[in-house]
Amino acid sequence: MVVGIITGTGVMSVFGDSVNVAGYARSSDGADGDEGHFLECARERVLETPFGVVRLFEGLIGGRGVVVVPRHGPGHNVPPHRVPYRALVWVLRKVGVTRAFGVSAVGAVNGAMKPGDLVVADQLVDFTKCRGYTFYEGSPVVHVDMTYPYCPQMRSALIEAASGISLRDRRIYVRGSYFATEGPRYETRDEIRVFRLLGADMVGMTGSPEAVLCREAGICYSLLAVVTNPAAGLSGALLDHKDVTRRVHGASSVIKELLREAVSRVPAGDDSCVCPAPLYRRTFDEYILNSEC
9 MVVGIITGTG VMSVFGDSVN VAGYARSSDG ADGDEGHFLE CARERVLETP FGVVRLFEGL
69 IGGRGVVVVP RHGPGHNVPP HRVPYRALVW VLRKVGVTRA FGVSAVGAVN GAMKPGDLVV
129 ADQLVDFTKC RGYTFYEGSP VVHVDMTYPY CPQMRSALIE AASGISLRDR RIYVRGSYFA
189 TEGPRYETRD EIRVFRLLGA DMVGMTGSPE AVLCREAGIC YSLLAVVTNP AAGLSGALLD
249 HKDVTRRVHG ASSVIKELLR EAVSRVPAGD DSCVCPAPLY RRTFDEYILN SEC
């Protein structure tokens, strides 16, 4: 079994020299000093998909195969609304991934959540507009169940991993509702007010359609959110992407250690998984992954 990790803003720098290639250099600005390789025996590959070219990094964590896929490309040159989400998920299945973690930076709508805190999302509300939302544009028509958008076993792997490491004065929230917006702009003050009334805990730009596509592809998926700032209008300060990136860098060693530990806690098979994702895997592999059309 291979575990996938889909990374976001500033997160590629977390992985250190093991993936310090092709523009993915680790920045030490604001980081908390942890060095070293995230992946053992790492190598870079570039694969073509029906939805675009994807660059990925393959390696090992504790002897377990891991594939790291960056959303935004080298140098963060792909904005969130242009991320090739279908290509990223397709390529994960192509290399054998059946379980994956996403890592995303978020703004806190919930006033209890502070910059530097971590959240294991348990719900998703989608306000995006112009993205490729499904692999099934024609026959067969597939309606995946998204009642609970994140795999409980993958969520448990993150939560249990957090209990086994030092969070260095950071808090981890074991649930939170992620509201996805289109970007690349940040939200307005009144958008955040509406989101808060609707029950948002955090807001970000990459959480959807990633979770939906993983479900369609039969990949058990969960999201680790890194709080980088209060959402728009909640702090009195204007939002700056440099601050977002700096916050992620500041959490780099904790994210790295948490993901290492979480990978080791991922179950090897699907037998005990109550997530519906495995139910859709055969259909995806037959009609999307291996289709000659």
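Last residue of the sequence shown: 301 (my numbering), numbering continuous. Beta carbons: idealized from backbone N, C-alpha and C, even for Gly.
Check VAL234 in the structure and name its three-state DSSP category.
In the structure shown, VAL234 sits in a strand (DSSP, three-state: E or B).
Looking at TYR181 and VAL127, is the spacing between their C-beta atoms short of 8 angstroms?
Contact flag set, yes.
For the beta strand (DSSP E) containing PRO78, list its first residue and its last residue.
Unbroken beta strand (DSSP E) run through PRO78: 72-78.
Between ARG178 and the ligand SAH, is there a pair consisting of the residue's CB and a ligand heavy atom that are separated by less than 7 angstroms?
Looking at this structure, you won't find the ligand SAH or any other ligand, since it has none at all.
Should VAL211 be labelled buried (16 or more other beta-carbon atoms within 10 Å of its own) or exposed?
By the neighbour-count rule (16 or more Cβ atoms within 10 Å), VAL211 is buried.
So within the segment 96-142, which uninterrupted beta strand (DSSP E) runs reach at least 3 residues, ignoring any that extend past its ends?
Listed in chain order, they are 105-116, 126-128 and 131-134.
Using the C-alpha atoms, what's the distance from ALA188 back to SER216?
Looking at the two C-alpha atoms, the distance is approximately 6 angstroms.
Assuming VAL86 and HIS80 are in contact, meaning their beta carbons sit under 8 angstroms apart, how far apart are those beta carbons, in whole angstroms?
Rounded, the Cβ-Cβ distance is 5 angstroms, consistent with contact.
May I ask which residues mark the beginning and end of the alpha helix (DSSP H) holding THR291?
THR291 -> alpha helix (DSSP H) spans 285-292.
Which residues bound the alpha helix (DSSP H) around GLY212?
First-last for GLY212: 210-212, but that is the beta strand (DSSP E), not the alpha helix (DSSP H).
Pick helix, strand or coil for VAL62, following the three-state DSSP scheme.
VAL62: strand per DSSP, three-state reduction.
Measure from the alpha carbon of ARG273 to the alpha carbon of each residue in ALA108, THR214 and SER185, then state which is nearest.
Measuring from the Cα of ARG273, the nearest candidate turns out to be ALA108.
According to DSSP, is PHE187 helix, strand or coil?
Strand at PHE187.
Determine the extent of the beta strand (DSSP E) in which ALA50 is found, giving its start and end residues.
Here the beta strand (DSSP E) through ALA50 covers 48-57.
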